[in-house]
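The structure appears below as structure tokens.
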Amino acid sequence: MKRIGVLTSGGDAPGMNAAVRAVVRKAIYHGLEVYGVYQGYHGLMTGNIQKLELGSVGDIIHRGGTVLRSARCPEFVTKEGQKQGIEQLKAHGIEGLVVIGGDGSYRGAKALTELGYPCVGVPGTIDNDIPGTEFTIGFDTALNTVIDAVDKIRDTASSHERTFVVEVMGRDAGDLALWAGLSGGAETILIPEDPYDMESVKERLMKGHERGKKHSIIIVAEGVMSGTEFAKKIEENTDFDTRVSVLGHMQRGGSPTAADRVLASRLGARAVELLIEGKGGRAVGIEHNKLVDYDIIEALAMPHKLDLDMYRLSKELSI
Ligand code: ADP
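In our numbering, the protein residues as written are 206 to 524.
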């Protein structure tokens with residue numbers, strides 16, 4: 206392999222830039238040429254492709270977002286769209302592609318693989334919902350953004366003796382809510398993986414109140430319902446003065462944490478190694494702090510596993 210491409214796709218995540226940098230530098234280190242595909246699959250179909258040099262990825266390791274920009278591209282879901290993408294890659298002499306993104310982006314990479322084009326998926330999403338890896342690039346940064354907000358909300362919740370419902374992202378996964386709830390000391394965490402029971406939420410609030418607690422923080426994953434909806438339910442069922450905070454897109458931005466930069470560097474570099482070894486159709490990940498890779502088709506078929514022991518622990522520590 207002499208020339209590879211790299212793109213970022215779907216929801217952006219802090220650390221994607223560090224991954225792009227790793228792909229470019231690792232490839233050049235091994236004597237390959239690297240092309241950046243701008244605007245995800247949209248840029249792939251339209252040929253928004255440019256050569257990247259060592260300096261193209263200078264000064265980006267600490268930046269949030271993605272310098273390659275991202276896009277949603279419904280046309281790429283069709284076979285015609287995918288074939289058009291492959292034609293663009295071939296026209297540029299690009300023999301393999303690194304796709305950095307979430308599960309939708311992985312499905313795009315899988316589609317290219319099934320058409321015989323070598324792709325390697327690198328998990329980049331704040332949701333931590335990609336199978337075949339314990340952590341995704343961006344999750345740690347988003348988590349730290351959330352707990353910074355929760356710590357601040359706790360100050361005002363305590364001054365005013367209020368119950369705060371904090372809605373966090375995560376799509377259909379509860380990872381961000383769970384990790385934020387445990388590290389932020391939330392009284393209750395609602396995740397899509399475990400149907401909530403209003404009576405037990407109410408009971409926990411009452412118990413806390415009886416032992417003199419001045420405030421409560423409830424973290425709701427967006428995959429359960431909106432924070433506003435849940436706050437309404439609390440007000441209907443209790444007398445607690447409740448406020449809502451929807452953290453929204455701030456969770457997707459910011460300078461990546463050291464953990465995300467390291468993860469992105471390791472995964473991006475591993476993706477290049479796989480292409481050099483002639484192993485397309487793989488998805489890279491990290492398990493027990495070791496790099497792993499799976500067949501991308503098998504990876505997409507694996508269920509995402511939330512750490513249920515941690516979920517139980519969060520309940521035990523918030524009695
Ligand atoms: P994420 O990668 O963050 O999950 P999306 O789900 O929006 O974000 O997916 C990003 C892009 O991946 C989509 O806009 C589309 O171009 C492509 N994609 C998603 N699903 C498929 C699919 N089944 N086949 C081919 N491409 C897909």
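C-beta: ideal position from N, C-alpha, C; glycine also.
- A direct Cα-to-Cα measurement between S523 and T213 gives close to 39 Å.
- Per the DSSP secondary-structure output, I305 pairs in a beta bridge with T213, V327.
- A heavy atom of the ligand ADP is found nearer than 8 Å to the CB of Q287.
- When rounded, the separation of the alpha-carbon atoms in Y401 and G417 is 25 Å.
- Looking only at A391, G270, L383, R359, the smallest Cα-Cα distance to D465 is reached by G270.
- F445 is the residue among V225, F445, G490 whose C-alpha sits nearest the C-alpha of H365.
- Look at T443 here: in three-state DSSP terms it is coil, with no helix or strand label.
- For E292, the uninterrupted alpha helix (DSSP H) segment begins and ends at 284-296.
- Excluding the 5 residues flanking it on each side, Q456 has same chain C-beta neighbours closer than 8 Å at I331, A347, T350, V351, V373, M374, L381, in chain order.
- Distances from the CA of I305 to each of R517, K520, G490, I396 were compared; the closest alpha carbon is that of G490.
- Nearest to R359 by C-alpha distance, out of Y499, R448, R487, T338, is R448.
- With fewer than 16 neighbouring CB atoms inside 10 Å of its own CB, H267 falls in the exposed class.
- Taking C-beta separations shorter than 8 Å and ignoring five residues to either side along the sequence, the partners of T318 in its chain run C324, G485, G486, I501, I502, following chain order.
- Selection S519, G236, T443, V477 evaluated against G210 yields V477 as nearest (Cα-Cα).
- DSSP places R376 in the coil class of the three-state scheme, outside both helix and strand.
- For the stretch 241-288, the continuous alpha helix (DSSP H) assignments of 4+ residues that do not extend past its boundaries occur at 245-251, in sequence order.
- Contact holds between the stretch 242-251 and the stretch 276-292, because three or more Cβ pairs, one in each stretch, are under 8 Å apart.
- Taking C-beta atoms under 8 Å as the contact rule, G301 and L480 qualify, at a distance of about 4 Å.
- DSSP places T346 inside the alpha helix (DSSP H), whose first and last residues are 344-365.
- Between K412 and N442, the beta carbon gap of about 15 Å keeps them out of contact (Cβ cut-off 8 Å).
- A buried status is given to S519, since no fewer than 16 other beta-carbon atoms sit within 10 Å of its beta-carbon.
- Shortest gap from the CB of R277 to any heavy atom of the ligand ADP: under 8 Å.
- Of the heavy atoms belonging to the ligand ADP, none sits nearer than 8 Å to the Cβ of T462.
- Within the chosen limit of 8 Å, the ligand ADP does not reach the beta carbon of A223 with any heavy atom.
- Going by C-alpha positions, L259 is about 17 Å away from M221.
- Under the criterion of beta carbons closer than 8 Å, P508 and P336 qualify as touching, at roughly 7 Å.
- Y499 has its Cβ no nearer than 8 Å to any heavy atom of the ligand ADP.
- The continuous stretches of alpha helix (DSSP H) do not include D498, which lies in the beta strand (DSSP E) extending over residues 495-500.
- S310 has its Cβ nearer than 8 Å to a heavy atom of the ligand ADP.
- A straight-line Cα-Cα distance of about 49 Å links V371 and G236.
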